[in-house]
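What follows is one structure encoded as structure tokens, with my remarks underneath.
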Amino acid sequence: MVAALVRLRLLVLRNSFKRSVGQLVAVILGGLYGLFVLGMIVLGLFALNFAPTELARTIVVLGGSLVTLGWAVLPLFFSVEQTLDGPHLSVFPIPLNKLLVGLLVSGVVAVPGAVTMLASILTAGSWLRLPGVAVIALVCGVAGALLCVMLSRAVTSAAAGLASGRRFKEAAGILIFIPLILLGPIIAGTASSLRHSANVLPSLADAMSWTPLGAIWAIPSQVALGDPLGAVFRALIGAATIAVVFVVWRWGLARSLVTPVHATSRVRASGKLGPLGLLPGTPAGAIAARCLVYWFRDPRYLRQLVIVPLMPLLLWFYTTFTHVPAIVFAAGPIVAFLLGVTLIADVSFDSTAFVLHVAKGVPGRADRWGRAFAVLVFGLPAVVVITFLMAALHSEWMPVPALLGLSFALLLGGLGVSSVTSAVVVFPAPAPGDNPFKTRAGANTALLGSTFLSWGVLAIVAAPEIVLLIVSLVTGDMLWGWLCLLVGVVLGPISLAIGVRLGGQVLDRRAPQLLMQLRKDA
Amino acid sequence: MTDVNPSVPSEGADVAPARVAPAPPAPSSTQPEVPAAAGQHRIDSPEPDPRAALSLRGLVKTFGQKRAVDGISLDVPVGSFYGLVGPNGAGKTTTLNMATGLLTPDAGVVTVHGVDVWRHPLTAKAQIGVLADGARLFDRLTGEQLVVYSGLLSGMDRPTAISRTRDLLQLLDLQDAAGTLVVDYSAGMTKKIALAGAMVHAPRLLVLDEPFESVDPVSAANIRDILGGFVSGGGTVIVSSHVMDLVQRMCDHVAVITGGRVVASGTVDEVRGGADLEDRFVELVGGRRVQEGPEWLRHS
Numbered sequence: 135m136v137a138a139l140v141r142l143r144l145l146v147l148r149n150s151f152k153r154s155v156g157q158l159v160a161v162i163l164g165g166l167y168g169l170f171v172l173g174m175i176v177l178g179l180f181a182l183n184f185a186p187t188e189l190a191r192t193i194v195v196l197g198g199s200l201v202t203l204g205w206a207v208l209p210l211f212f213s214v215e216q217t218l219d220g221p222h223l224s225v226f227p228i229p230l231n232k233l234l235v236g237l238l239v240s241g242v243v244a245v246p247g248a249v250t251m252l253a254s255i256l257t258a259g260s261w262l263r264l265p266g267v268a269v270i271a272l273v274c275g276v277a278g279a280l281l282c283v284m285l286s287r288a289v290t291s292a293a294a295g296l297a298s299g300r301r302f303k304e305a306a307g308i309l310i311f312i313p314l315i316l317l318g319p320i321i322a323g324t325a326s327s328l329r330h331s332a333n334v335l336p337s338l339a340d341a342m343s344w345t346p347l348g349a350i351w352a353i354p355s356q357v358a359l360g361d362p363l364g365a366v367f368r369a370l371i372g373a374a375t376i377a378v379v380f381v382v383w384r385w386g387l388a389r390s391l392v393t394p395v396h397a398t399s400r401v402r403a404s405g406k407l408g409p410l411g412l413l414p415g416t417p418a419g420a421i422a423a424r425c426l427v428y429w430f431r432d433p434r435y436l437r438q439l440v441i442v443p444l445m446p447l448l449l450w451f452y453t454t455f456t457h458v459p460a461i462v463f464a465a466g467p468i469v470a471f472l473l474g475v476t477l478i479a480d481v482s483f484d485s486t487a488f489v490l491h492v493a494k495g496v497p498g499r500a501d502r503w504g505r506a507f508a509v510l511v512f513g514l515p516a517v518v519v520i521t522f523l524m525a526a527l528h529s530e531w532m533p534v535p536a537l538l539g540l541s542f543a544l545l546l547g548g549l550g551v552s553s554v555t556s557a558v559v560v561f562p563a564p565a566p567g568d569n570p571f572k573t574r575a576g577a578n579t580a581l582l583g584s585t586f587l588s589w590g591v592l593a594i595v596a597a598p599e600i601v602l603l604i605v606s607l608v609t610g611d612m613l614w615g616w617l618c619l620l621v622g623v624v625l626g627p628i629s630l631a632i633g634v635r636l637g638g639q640v641l642d643r644r645a646p647q648l649l650m651q652l653r654k655d656a
Numbered sequence: 185m186t187d188v189n190p191s192v193p194s195e196g197a198d199v200a201p202a203r204v205a206p207a208p209p210a211p212s213s214t215q216p217e218v219p220a221a222a223g224q225h226r227i228d229s230p231e232p233d234p235r236a237a238l239s240l241r242g243l244v245k246t247f248g249q250k251r252a253v254d255g256i257s258l259d260v261p262v263g264s265f266y267g268l269v270g271p272n273g274a275g276k277t278t279t280l281n282m283a284t285g286l287l288t289p290d291a292g293v294v295t296v297h298g299v300d301v302w303r304h305p306l307t308a309k310a311q312i313g314v315l316a317d318g319a320r321l322f323d324r325l326t327g328e329q330l331v332v333y334s335g336l337l338s339g340m341d342r343p344t345a346i347s348r349t350r351d352l353l354q355l356l357d358l359q360d361a362a363g364t365l366v367v368d369y370s371a372g373m374t375k376k377i378a379l380a381g382a383m384v385h386a387p388r389l390l391v392l393d394e395p396f397e398s399v400d401p402v403s404a405a406n407i408r409d410i411l412g413g414f415v416s417g418g419g420t421v422i423v424s425s426h427v428m429d430l431v432q433r434m435c436d437h438v439a440v441i442t443g444g445r446v447v448a449s450g451t452v453d454e455v456r457g458g459a460d461l462e463d464r465f466v467e468l469v470g471g472r473r474v475q476e477g478p479e480w481l482r483h484s
């Protein structure tokens, strides 16, 4: 049974190469990059033989903690292999424990798992002077890597279980993750403030060695330092961590085997058309209204919407930790940028429901206008409010006009650019009703390519405002700021109009192809 | 040979089909059909029949190595209730998608009431109502919102969209669920709301891909009545299905598709030739095996 699951995992990996040449190239590039990183890590680990034990300990414990943390947090935001998750396997009569072992081993077989496992095992390479410690490091490496894989599985299955449970409304599912999103800056902020005091990394490593994240990685060095009792304590912490994570994972998996992933929602009063009754009664108006409904009702959109309040907060964190007040002023442009480029996923999020637009013969331009307008409805006020709020926070009004100019350029230009991009490509997105944190297999490559291309174009589109902002900041002359605002107010709408027009033409031509791709991905 | 105003067997269902609102007046609904228009004689001509509600000529679609549709030509007469039957993977959905402007054909022509679907998509699509099989709906909208949305997308003004939505919801017996999110609908209700969305712009031709799949018998009977009313009001309906019994009772014309080709078409009586449609279908399509399955599957 375990072997069958592992074989299935390898088969999926092999078949994913066959999907497209682009994917194959991406996998090869990813593999080469992984090998390169692994090679550097191994070199570094062996180099530690010539370093004092203290240094080796600091590096291994901090690196190990970071990797473990990454395995716990990253699966919430990026792709985890979906073929071998609970709901897919629930129809087969596989005993739960065999399933757990199978999933664990197949997790190690996947590329990230294999890299982690190899690197962890090779921590033994740092202890060539002390063969006994090397053996302990080998065992701890295996345990640490297994903990990583289990942790990612436990986090995803627990999160999916919570997010799709009846009691958790869809918005609540999003709110749960806000502290997680803020976890990064909190840790980074703590670390950076600690860095100001001398010699902080070893003491940080010492602290981490007592946490579930770092305990396992500290065992070999503890022995090497001649502290067997400390090693035993950390081994106990590590074993307890593994046990807890295993239990959580087992619970989550057992739950996901019997709980379908689809979320439910509530009944609302009839006769209420919502935005559909407010916006203009044209195809474009209707699409804008529908998009607005989705922005505030669909978890996949809500996840992007939480950026709006969260980004200023995030930057405020950084400002307080780094004492560079300028960072906080970036909030407006960053939110504008993120909202502008979110439209790339819009058609993909429609999934095959997009068939309605094609069947009704909606003109491409109406489609583009509607989607862009929906973002503008809340995006423009949000950007303006954030910019003024941040300025008020620091009582520093000088950069406001230039920042507004740049924000308009990024928001409107971003909408324009992604109006074209989303008419050209669609990619596998989480299906409506699915966990919004799920990423579908094969999504990243297509998404990354089109995203980076769009960003590049957007950088060119917004170049005048960027330059004017820099000039205004360097010279400190308000005139340049006002000029930036003027250029943004004029050029922004123009770039949006061009994008909508162009995207509309492309969509008119390509709608059936997009639909075919959406069907394939569905 | 063609039944001009096909009366659909209503099986004692209590919904009066004659009350169908959105059926537009079609010019040919009152005058008798030219019999030749329905037959296969004209199908040999490479030009599509402008008098037909839907006319396909030499449609071809290839997916990779697989030729899903391999030269399909069909004429669907105005005012007919046309069944498209075939085994799984026969190319029914692919054909209907190409006929409604949802999938680009590799070759071939499609006209709807004389309008080339792929040359004048907007004009053609205004006359077609589509129920796509297996496609999602914008199910985060309420049923009412979805139908109004469909109406607005077709370019009608809001008051019209709202009043037609009210009529359709009443017709389909969905008033109570008007304010419920479509995602919470049952399978039958979902089909019905999708049907409402397809009918809201008063199309002359309804193309329904598997309208009865996963629909309970009562809902199916209601939908059948509504479609019957639509046809008697001068509209044309094409349904794809693999439930022969349903097609035999409901449709007046039928085409059998297998392996991407039409193997028989015409009125239901012509195609079945005195036999039961299902037997005739199996005979045409082949693949029936008489055996009891492997030994290990038998428990007694």
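So the protein lines, in turn, are chains U and V. Residue 140 in the working numbering sits at position 6 of the first sequence, and the numbers go up by one each step. Residue 216 in the working numbering sits at position 32 of the second sequence, and the numbers go up by one each step. We put the beta carbon where it would ideally sit given N, CA and C, even for glycine.
- Message: Measuring alpha carbon to alpha carbon, tell me which residue in V:V366, V:V474, V:K276, V:A380 is nearest R709 of chain U.
- Response: Any answer about residue 709 of chain U is impossible in this case: the structure gives chain U only from 135 up to 656.
- Closest Cα partner of L510 of chain U within the set U:L477, U:A526, U:K494: Working through the first sequence from its first residue, we reach residue 510 of chain U at position 376. Nearest to L510 of chain U by alpha-carbon distance, out of U:L477, U:A526, U:K494, is U:L477.
- Name the DSSP bridge partner or partners of A448 of chain V? What you label residue 448 of chain V is simply residue 264 of the second sequence in a count that begins at 1. Looking at the DSSP assignment, A448 of chain V forms a beta bridge with V:V440.
- Task: Please check if any C-beta of chain V sits within less than 8 Å of the C-beta of H491 of chain U.
- Result: Here residue 491 of chain U refers to the residue found at position 357 of the first sequence. Yes, contact with chain V.
- Going straight from the alpha carbon of N183 of chain U to that of A358 of chain U, what length do you get? Position 49 of the first sequence, counting from 1, holds the residue named residue 183 of chain U. Position 224 of the first sequence, counting from 1, holds the residue named residue 358 of chain U. So the two alpha carbons sit approximately 12 Å from each other.
- Message: Per DSSP, what are the beta-bridge partners of G313 of chain V in this structure?
- Response: Locating residue 313 of chain V in the second sequence gives position 129, where the first residue counts as 1. In the DSSP output, where bridge partners are listed per residue, G313 of chain V has V:L390.
- Item | Within chain U, partners of Y333 of chain V - CB distance below 7 Å | Locating residue 333 of chain V in the second sequence gives position 149, counting from the first residue. Listed along chain U are L410, A420, R424, each with a C-beta nearer than 7 Å to that of Y333 of chain V.
- If we call anything under 8 Å between Cβ atoms a contact, is V75 of chain U one with G285 of chain V? Lying outside 135 to 656, the shown extent of chain U, residue 75 of chain U is not represented and no answer is given.
- Query: What are the partner residues of F247 of chain V, as DSSP defines its beta bridges?
  - Reply: Along the second sequence, one-based indexing puts residue 247 of chain V at 63. F247 of chain V is bridged to V:K250.
- Name the one or two DSSP bridge partners that G267 of chain V has. Locating residue 267 of chain V in the second sequence gives position 83, where the first residue counts as 1. For G267 of chain V, which the question treats as bridged, DSSP gives the partners V:V423, V:V438.
- Query: What is the DSSP secondary structure of H222 of chain U, counted as helix, strand or coil?
  - Reply: As a working mapping, residue 222 of chain U is identified with position 88 in the first sequence. Three-state result, H222 of chain U: helix.
- Paired residues, beta bridge with D259 of chain V - DSSP: For the purposes of this step, residue 259 of chain V is taken as residue 75 along the second sequence, with counting starting at 1. According to DSSP, which records beta bridges pairwise, D259 of chain V is partnered with V:S239.
- Message: If I measure Cβ to Cβ from P346 of chain U and keep anything under 6 Å in the same chain, skipping five residues before and after, which residues do I get?
- Response: Along the first sequence, read from residue 1 onward, the residue named residue 346 of chain U stands at position 212. Same-chain partners within the cutoff: T375.
- Query: Would you call G148 of chain U buried or exposed, if buried means 16 or more other Cβ atoms sit within 10 Å of its Cβ?
  - Reply: Counting from one through the first sequence, the residue named residue 148 of chain U turns up at place 14. Reading the sequence as shown, one finds Arg at residue 148 of chain U and not Gly. R148 of chain U comes out exposed.
- Task: Just the C-alpha distance for L144 of chain U and L223 of chain U, rounded to the nearest angstrom, thanks.
- Result: Your numbering for residue 144 of chain U matches position 10 in the first sequence. Your numbering for residue 223 of chain U matches position 89 in the first sequence. If you draw a straight line from the Cα of L144 of chain U to the Cα of L223 of chain U, it comes to about 16 Å.
- Query: How big is the Cα-Cα spacing for G457 of chain V and L268 of chain V?
  - Reply: Stepping through the second sequence from its first residue, residue 457 of chain V is reached at position 273. Stepping through the second sequence from its first residue, residue 268 of chain V is reached at position 84. Taking the Cα positions, G457 of chain V is about 17 Å away from L268 of chain V.
- Residue closest to F465 of chain V, alpha-carbon to alpha-carbon, out of V:G270, V:D453, V:G381: As a working mapping, residue 465 of chain V is identified with position 281 in the second sequence. In this structure, V:G270 is the residue among V:G270, V:D453, V:G381 with its C-alpha nearest to the C-alpha of F465 of chain V.
- Kindly indicate the opening and closing residues of the alpha helix (DSSP H) around T374 of chain V. Position 190 of the second sequence, counted from the first residue, corresponds to residue 374 of chain V. Looking at the DSSP string, the run of the alpha helix (DSSP H) that includes T374 of chain V is 371 to 383.
- Beta carbon of V243 of chain U, beta carbon of V140 of chain U: below 8 Å? Here residue 243 of chain U corresponds to residue number 109 of the first sequence, with the count starting at 1. Here residue 140 of chain U corresponds to residue number 6 of the first sequence, with the count starting at 1. Their beta carbons are under 8 Å apart, which means V243 of chain U touches V140 of chain U by this criterion.
- Could you tell me which residues DSSP puts in a beta bridge with L523 of chain U? Residue numbering aside, residue 523 of chain U sits at position 389 when the first sequence is read from its first letter. Per DSSP, none; premise fails for L523 of chain U.
- Select from U:P562, U:V462, U:A418, U:Q356 the residue whose C-alpha is nearest the C-alpha of A500 of chain U. Here residue 500 of chain U corresponds to residue number 366 of the first sequence, with the count starting at 1. Looking at the Cα atoms, U:A418 is the closest of the given residues.
- Task: Under 9 Å between beta-carbons, which chain V residues line up against P566 of chain U? List them in chain order, please.
- Result: The residue given as residue 566 of chain U occupies position 432 in the first sequence. By Cβ distance, chain V contributes R320, F322, D323, R324, V367.
- Query: For the beta strand (DSSP E) that contains T250 of chain U, what are its first and last residues?
  - Reply: The count along the first sequence starts at 1 and reaches residue 250 of chain U at position 116. First-last for T250 of chain U: 245 to 255, but that is the alpha helix (DSSP H), not the beta strand (DSSP E).
- Task: Check the Cβ of G242 of chain V against every Cβ in chain U and list those closer than 8 Å, keeping chain order.
- Result: Stepping through the second sequence from its first residue, residue 242 of chain V is reached at position 58. Those within 8 Å of G242 of chain V in chain U number zero; the least Cβ separation is about 18 Å.
- Query: First and last residue of the alpha helix (DSSP H) that includes V469 of chain U?
  - Reply: The residue you call residue 469 of chain U lines up with position 335 of the first sequence. Going by DSSP, V469 of chain U is part of the alpha helix (DSSP H) stretching over 465 to 475.
- Straight-line CA distance for A308 of chain V to G495 of chain U? In the second sequence, the residue the question calls residue 308 of chain V occupies position 124. In the first sequence, the residue the question calls residue 495 of chain U occupies position 361. Between A308 of chain V and G495 of chain U, the alpha-carbon positions lie close to 9 Å from each other.
- Query: How about G413 of chain V: is its C-beta nearer than 8 Å to some C-beta of chain U?
  - Reply: In the second sequence, residue 413 of chain V corresponds to position 229, counting from 1. So, not an interface residue.
- Message: For D300 of chain V, list the residues DSSP reports as bridge partners.
- Response: As a working note, residue 300 of chain V is residue 116 in the second sequence. DSSP output for D300 of chain V lists V:T295 as bridge partner(s).
- Task: Please indicate yes or no: does the CB of L264 of chain U lie closer than 7 Å to some heavy atom of the ligand SAH?
- Result: Judged by which ligands are present, the structure shown has none, so any question about the ligand SAH falls away.
- Which listed residue (U:L264, U:A248, U:A292) has its alpha carbon closest to that of G278 of chain U: The residue you call residue 278 of chain U lines up with position 144 of the first sequence. In terms of CA proximity to G278 of chain U, U:A248 leads the group U:L264, U:A248, U:A292.
- Task: Please report the residue range of the alpha helix (DSSP H) in which M612 of chain U lies.
- Result: Looking up residue 612 of chain U in the first sequence gives position 478. Counting along the chain, the alpha helix (DSSP H) containing M612 of chain U begins and ends at 612 to 655.
- So, is the C-beta of M135 of chain U closer than 8 Å to a C-beta in chain V? Translated into the one-based positions of the first sequence, residue 135 of chain U becomes position 1. Closer than 8 Å: no.
- chain U partners of R342 of chain V, CB-CB under 8 Å? Numbered from 1 along the second sequence, position 158 holds the residue referred to as residue 342 of chain V. Here the neighbours are G411, G415.
- Task: Just the C-alpha distance for V136 of chain U and R473 of chain V, rounded to the nearest angstrom, thanks.
- Result: Looking up residue 136 of chain U in the first sequence gives position 2. Looking up residue 473 of chain V in the second sequence gives position 289. Roughly 37 Å separates the two Cα atoms.
- Provide the residue span of the alpha helix (DSSP H) that contains N406 of chain V, from first to last. To locate residue 406 of chain V, count along the second sequence from 1; it is residue 222. Residues 401 to 416.
- Query: Is any beta-carbon of chain V found at less than 8 Å from that of Q639 of chain U?
  - Reply: Within the first sequence, the letter at position 505 stands for residue 639 of chain U. The beta carbon of Q639 of chain U sits no closer than 8 Å to any beta carbon of chain V.
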